[in-house]
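K.L.:
Last residue of the sequence shown? That's 179 in numbering that gives the first Met the number 0, and every number before it is there in order. This structure is in structure tokens; I'll ask about it shortly.
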Amino acid sequence: MVAHVTHFFNGGLEQPFPGEDRITIPSPREVPTYDLKPEMSAAELAQTAVEALAQYDLVIMNFANPDMVGHTGVLEAAIRAVEVVDKGVEKVVEGTLSLGGCLLITADHGNCEKMRNIDGSPYTAHTTNPVHLVFVSREAHRFTVDNGILADVAPTLLFLLNLKRPPQMTGRNLLRYKLP
């Protein structure tokens, strides 16, 4: 089983690249739908990510809660899922900043903002609403973040890693230095 974010970040390739380690935190299997356990594995994922921060130059992770719970159409559970993810993100942000690192926080689609169809049935598709790219760093005040598309996330990440964007990447870096 390949994690969602790994599958897409690696261009659909199943095999890890040289120097890549994969740590998978499985989602709970004891419930038929995640509205019954909106916490899923978020706390363990956040803790594992914080521990990995000291070992790696780059950690890519995915809190699946809002997506998976959002598909159920149960608003109270979706609210709980977002609250749990908010706590997990806070923990990862604190851990990253304590090490002098930075984060890009984004999603590939929306979901929780539209949970029901007009007839009241669960809205099970992903929305096409724009999602934010949030840059977190002690130096964030020196930058603005442009609007962009999903293809711009990887070039932005390469910029932060001080790596050259390969010509195959058609996206662009979304971080711009603020003028004095």
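Where is the CB? At the ideal position from N, CA and C, for every residue including glycine.
Rounded to whole angstroms, what is the Cα-Cα separation between Val-152 and Val-144?
P.N.:
Those two C-alpha atoms are separated by around 11 angstroms.
K.L.:
Is there a Cβ of chain C sitting closer than 8 angstroms to that of Pro-179, yes or no?
P.N.:
Among the chains in the structure shown there is no chain C, since it carries only a single protein chain.
K.L.:
Of the choices Val-133, Arg-164, Thr-127, Asn-110, whose alpha-carbon is the least far from that of His-70?
P.N.:
Of the candidates Val-133, Arg-164, Thr-127, Asn-110, the one whose C-alpha sits nearest the C-alpha of His-70 is Asn-110.
K.L.:
Tell me which residue opens and which closes the beta strand (DSSP E) that Ile-78 is part of.
P.N.:
No beta strand (DSSP E) contains Ile-78, which is instead part of the alpha helix (DSSP H) from 74 to 97.
K.L.:
Could you check the C-alpha separation between Leu-203 and Ala-139 for me, to the nearest Å?
P.N.:
Any property of residue 203 remains undetermined from this structure, which presents the chain solely from 0 to 179.
K.L.:
Give the range of the alpha helix (DSSP H) segment to which Val-4 is assigned.
P.N.:
3 to 8 is the extent of the alpha helix (DSSP H) around Val-4.
K.L.:
Starting from Val-49, trace the alpha helix (DSSP H) both ways and give me its first and last residue.
P.N.:
Per DSSP, Val-49 belongs to the alpha helix (DSSP H) from 41 to 52.
K.L.:
Given a cut-off of 8 angstroms on the beta-carbon distance, is the pair Asp-118 and Val-73 in contact?
P.N.:
Against a cut-off of 8 angstroms, the Cβ pair of Val-73 and Asp-118 comes out as no contact.
K.L.:
According to DSSP, is Arg-164 helix, strand or coil?
P.N.:
Coil at Arg-164, not helix or strand.
K.L.:
Roughly how far, in whole angstroms, is the beta-carbon of Leu-52 from the beta-carbon of Ile-24, given that I think they are within contact range, below 8 angstroms?
P.N.:
Contact flag wrong, Cβ pair sits at about 15 angstroms.
K.L.:
Can you give me the start and stop residues for the alpha helix (DSSP H) that Leu-159 sits inside?
P.N.:
Taken as a continuous stretch (DSSP letters only), the alpha helix (DSSP H) holding Leu-159 covers 152 to 159.
K.L.:
Once DSSP output is grouped into helix, strand and coil, what is the label at Tyr-55?
P.N.:
Reduced to three states, the DSSP call for Tyr-55 is coil.
K.L.:
Alpha carbon to alpha carbon, how far is Pro-121 from Leu-149? Give it in angstroms, no decimals.
P.N.:
One C-alpha to the other measures close to 26 angstroms.
K.L.:
Using CA atoms only, rank isn't needed, just tell me which of Phe-62, Pro-166, Thr-169 is closest to Ser-107.
P.N.:
Per the sequence presented here, residue 107 reads as Asp, with Ser not at that position. Selected option, being the one with the closest Cα: Phe-62.
K.L.:
Please classify Glu-89 as buried or exposed, where buried requires at least 16 neighbouring CB atoms within 10 angstroms.
P.N.:
Burial call: exposed.
K.L.:
The beta strand (DSSP E) spanning Val-68 covers which residue range?
P.N.:
Looking at the DSSP string, Val-68 is not in any beta strand (DSSP E); the run it does join, the alpha helix (DSSP H), is 64 to 69.
K.L.:
Between the beta-carbon of Glu-112 and the beta-carbon of Thr-127, is there less than 8 angstroms?
P.N.:
Their beta carbons are not under 8 angstroms apart, which means Glu-112 does not touch Thr-127 by this criterion.
K.L.:
Output the boundary residues of the beta strand (DSSP E) element that contains Ile-148.
P.N.:
Looking at the DSSP string, Ile-148 is not in any beta strand (DSSP E), and its letter there is neither H nor E.
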